[in-house]
Structure formats: structure tokens, C-alpha cells
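Participant: Below you'll find the structure I mean.
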Amino acid sequence: MDPKIKLMFLDEHAAEGAARYGVSQKELNFIGGFQNFIYSYNRDELKYILRFTPSTLRTSEGLEAEVDWIRYLSENGISVSEPISSVNGEYCERVQGNTMDFYVTSFKHAAGRKIGYPECLGNSILYEECGRITGRLHELAKLYNPTIAKRHSWEFNEYLLRAKDYLPSELRPILFALDELKAQLASLPVSADNFGLIHGDINVGNFTVDESGRLTLFDFDECQYSWYVEDIAIQLYYLLYVFGEDSKSERKDQYELFIRHFELGYTEHGRRMPDSWKDQLKLFLKLREIIVVVGMHRSWDLSKPDDWTRDFLQDSIMRITKGISLIDEF
Numbered sequence: 001m002d003p004k005i006k007l008m009f010l011d012e013h014a015a016e017g018a019a020r021y022g023v024s025q026k027e028l029n030f031i032g033g034f035q036n037f038i039y040s041y042n043r044d045e046l047k048y049i050l051r052f053t054p055s056t057l058r059t060s061e062g063l064e065a066e067v068d069w070i071r072y073l074s075e076n077g078i079s080v081s082e083p084i085s086s087v088n089g090e091y092c093e094r095v096q097g098n099t100m101d102f103y104v105t106s107f108k109h110a111a112g113r114k115i116g117y118p119e120c121l122g123n124s125i126l127y128e129e130c131g132r133i134t135g136r137l138h139e140l141a142k143l144y145n146p147t148i149a150k151r152h153s154w155e156f157n158e159y160l161l162r163a164k165d166y167l168p169s170e171l172r173p174i175l176f177a178l179d180e181l182k183a184q185l186a187s188l189p190v191s192a193d194n195f196g197l198i199h200g201d202i203n204v205g206n207f208t209v210d211e212s213g214r215l216t217l218f219d220f221d222e223c224q225y226s227w228y229v230e231d232i233a234i235q236l237y238y239l240l241y242v243f244g245e246d247s248k249s250e251r252k253d254q255y256e257l258f259i260r261h262f263e264l265g266y267t268e269h270g271r272r273m274p275d276s277w278k279d280q281l282k283l284f285l286k287l288r289e290i291i292v293v294v295g296m297h298r299s300w301d302l303s304k305p306d307d308w309t310r311d312f313l314q315d316s317i318m319r320i321t322k323g324i325s326l327i328d329e330f
């Protein structure tokens, strides 16, 4: 989160937002958040999420479109963290501030538990389930016709639009690499079979797993119109980036295991993988790497990074400026 925005979010915003959903501020438990301020609360023995989104990052139309997309997926059998309405019957409330407003949304807490590192690594059952839910989501995206404002498309991603604002001057070469990559992406074929509304940030931090192995997706904050391959590349990126340059063989094994089992799940019931998806993975892995580096410079204090962060940034910046992806050497 931008440090300036953190200073602008006050207790009074949390109190008013909570009241819009029939709870008091003392019932809120702060969880954290990367772009938003996230709280949990309980009602009738059930757990819910209360999310505050800075108006500088999102519009009310964009949030309403996000909620509409989630509700559509839920109504069609995808397990998601469902949005709930406020006491006024609204799915998005606006809390006014002196210098900045905040949009408030609430969701049912996702059932199950999170799977973190290293449990998610080498987990073929998980990868197949990831493929299954992603394939079903893309299948539904092809049939989705929103009646309200649409979500933005990939080129209007905040990290891409404001990369030059967040990166220090010595990392300007990343901007050149980004411009080149955007031109390559803009030349990709666009059709109803390969391009539509995606989740935009499927990773082990944004889903839970129940006892049967079923996934529940949440955090659709980055949903956007893009190539379906991007949803696949994002999942792959977060399973590969933890391996440093001295662990390329482990990275290769992880890549091959994920691809094999993800495809099994995705193609279940006759679904087809997007055209040229394996060839396009490299492009979207590069895109995700840039977004991650930009996001770290926006939200983290990198003046004294720990060893892992320092090495990660060094490796990432090298790959970005040389125009290579995590799987180019396989």
C-alpha cells in the first residue's frame, strides 16, 4: 500500500464503513492488504470480510463490475467468496474523507484453509484442481455479458500505467522493457476463445482449499479483460519465482509438473486450452515479473531489503532488462 494512502485511512473511515454493514468498529479485526485495507468480522456465527478500497485506485463503476462478475460466477457453480449487500442494500458503499474517499465492500469468508509455501510446491493434486477451476472460469467468461459498466482491459492495469511513478530512476530500463512487451502483447490474436474477463491474480494467497480439495477463489480486485493465458501464467509465476538462479533444475521440475497436471484439470469435460498457450506463457511471465517488481517498489520499504528480497530483485531485474522469462532456459 502507498504510504501516503496509509496515512489517510483513519479510524473514522473504518467505523463508518463497518456501520454500513451493520457492525461496529470494535467487531473488526484488521487482516492487512496490499492495495486495500482488509478486516474480518463475525455475524450469526459466520465470518465475513470488509474491504476498504482507496478511491484513487478504483472507481465505483469498476467495483460494481467486479461484484457483478463474482456474483455471476457464484450463480454458475464456481466456488467464490460471495459479495454481500450493506444495510442499504448496496454492494458498494462510499465513505467520504477530507482528502480521499474509500469504497467499502463485504464478502463471505472463503471456506477451507490457505496453502502456503512449501506445501503448494510439487503438489500435483492442487495443480489439477487449479486447472479445473480456471478452465471452468474461462468457460463461463466466454458466456458473460455484463449489463453494467465493464472492467478495464489489461493495458489499463494500474501497475503498468504508473510504473514510471513507482520505479526509481536507476530502474528506467524496466520501462523500456515494458514498452516492448506491451507492443508484443498488443499484436496477439484476440478472439472469444482466447480473450475475456479473467480473475487476474490467482495464486496460493487468493484461494482456500477445503477437506475435499475443492478451491474457493477470492480477491478479484485485479479482474480484467485479457488473454486467458495470463490467468495461467500468473499461477505458474508464483510457483517458480521462489526458486533462485541456483535452483534452475528445481524450477524446471516444478514447471513440468504444474503444466502436466494443470492441463489435465483445465481440459476436463472436453474443455480446450487456449490456442498457443504454451508459447505465450513466456510473454505473460515477463509481464507478471514486471508487475511484481513495480508493486514491490510501490508498497515496500526497500531501503534495507533482507537477503532473499535483495537476491530476488537482482534476479528479476536482470531477467526483465534482458527480456527473458523464468522458463526461457528450459
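Numbering (full-length UniProt numbering), first residue to last: 1 to 330. Virtual Cβ for every residue (Gly too), placed ideally from N, Cα, C.
1) The beta strand (DSSP E) with TRP227 in it runs from where to where?
2) LEU178: buried (16+ other C-beta within 10 angstroms of its C-beta) or exposed?
3) Spatial neighbours of ILE5 within its chain, please: CB distance less than 6 Å, with the 5 preceding and 5 following residues excluded, ordered by chain position.
4) Cα separation between LEU188 and ALA14?
5) For ILE70 and TYR91, what's the separation of their Cα atoms in angstroms?
6) Got a sec, what are the start and stop residues for the beta strand (DSSP E) VAL95 sits in?
7) Could you tell me if HIS269 is buried or exposed, where buried requires 16 or more neighbouring beta carbons within 10 angstroms of its beta carbon?
8) Helix, strand or coil, according to DSSP, for ARG58 in the structure here?
9) Where does ILE31 fall in DSSP's three states?
10) What are the boundary residues of the beta strand (DSSP E) that TYR103 is part of?
11) Can you check the stretch 143-222 for any alpha helix (DSSP H) of at least 4 residues that lies completely inside it and give the ranges in chain order?
12) Which whole-angstrom value describes the C-beta separation of ILE202 and GLN235, a residue pair presumed to lie in contact below a C-beta threshold of 8 Å?
13) Determine the direct distance from the alpha carbon of TRP308 to that of TYR166, and round the result to whole angstroms.
14) LEU283: which of HIS261, LYS182 and ASP210 sits nearest, CA to CA?
15) Going by Cα to Cα distance, which pick from GLU61, VAL87 and ARG20 is closest to GLN96?
16) If you reduce the DSSP assignment to three classes, tell me which class THR53 lands in.
17) Who pairs with VAL80 in a beta bridge, going by DSSP?
18) Comparing alpha-carbon positions, which option in ALA18, TYR228 and LEU326 lies nearest ALA141?
19) Spatial neighbours of TYR225 within its chain, please: CB distance less than 8 Å, with the 5 preceding and 5 following residues excluded, ordered by chain position.
20) Using 10 angstroms around the beta-carbon of LYS164, count the other beta-carbons present and answer buried if the total reaches 16, otherwise exposed.
21) Less than 8 Å between CB atoms is the rule here; does TYR238 satisfy it with respect to chain C?
22) Name the one or two DSSP bridge partners that SER40 has.
23) In the DSSP assignment, find the alpha helix (DSSP H) that holds VAL293 and state where it starts and stops.
24) Quick check on the burial criterion: 16 or more other C-beta atoms within 10 angstroms. Buried or exposed for GLN314?
25) Whole angstroms is fine: what's the gap from ARG43's alpha carbon to TYR127's?
26) Going by other Cβ atoms of all chains shown within 10 Å of its Cβ, with 16 needed for buried, is ARG113 buried or exposed?
27) Is the Cβ-Cβ distance between SER81 and ILE125 less than 8 Å?
28) Measuring CA to CA, which of ASP193, TYR41 and GLU66 is closest to MET273?
29) Assuming TYR255 is part of the alpha helix (DSSP H), what are its boundary residues?
30) Would you list the one or two residues that DSSP bridges to ARG113?
31) Give the secondary structure of GLY244 by DSSP, where H, G and I count as helix, E and B as strand, and everything else as coil.
32) Do GLY205 and GLU222 have their beta-carbon atoms positioned less than 8 Å apart in this structure?
33) Do you know offhand how far SER325's Cα is from GLU289's?
Facilitator: Straight from the coordinates:
1) Under the DSSP assignment, TRP227 falls in the beta strand (DSSP E) whose first and last residues are 224-227.
2) By the neighbour-count rule (16 or more Cβ atoms within 10 Å), LEU178 is buried.
3) Closer than 6 Å at the Cβ level, and outside the excluded window around ILE5, lie PRO54.
4) Computed Cα separation, rounded: 43 Å.
5) CA-to-CA, the gap between ILE70 and TYR91 works out to about 12 Å.
6) Segment 93-95, the beta strand (DSSP E) holding VAL95.
7) Exposed.
8) In this structure, ARG58 counts as coil in the three-state DSSP scheme.
9) Note: ILE31 maps to strand in three-state DSSP.
10) Residues 102-108.
11) DSSP runs (the alpha helix (DSSP H)) wholly in the stretch 143-222: 158-161, 163-166 and 172-186.
12) About 5 Å; that satisfies the 8 Å criterion.
13) The straight-line gap from Cα to Cα measures roughly 21 Å.
14) Proximity to LEU283 across HIS261, LYS182 and ASP210 peaks at LYS182, based on C-alpha coordinates.
15) Out of GLU61, VAL87 and ARG20, ARG20 has the C-alpha closest to the C-alpha of GLN96.
16) DSSP places THR53 in strand when its eight states are reduced to three.
17) Paired residues: LEU217.
18) Among ALA18, TYR228 and LEU326, the Cα nearest to that of ALA141 is on TYR228.
19) Here the set comprises LYS150, ARG151, HIS152, SER153, TRP154, PHE195, GLY196, LEU197 and ILE198.
20) Flag for LYS164 reads exposed.
21) The structure shown contains no chain C, having only a single protein chain.
22) Among the bridge pairs identified by DSSP, SER40 is matched with ASN29 and ILE49.
23) Here the alpha helix (DSSP H) through VAL293 covers 277-299.
24) Classification for GLN314: exposed.
25) Computed Cα separation, rounded: 34 Å.
26) ARG113 counts as exposed, since fewer than 16 other beta carbons sit within 10 angstroms of its beta carbon.
27) In this structure, ILE125 does not lie closer than 8 Å to SER81 by Cβ.
28) Among ASP193, TYR41 and GLU66, the Cα nearest to that of MET273 belongs to ASP193.
29) First-last of the alpha helix (DSSP H) with TYR255: 248-266.
30) For ARG113, the beta-bridge partners assigned by DSSP are VAL209.
31) Note: GLY244 maps to coil in three-state DSSP.
32) Against a cut-off of 8 Å, the Cβ pair of GLY205 and GLU222 comes out as no contact.
33) In a straight line, the C-alpha of SER325 is about 8 Å away from that of GLU289.
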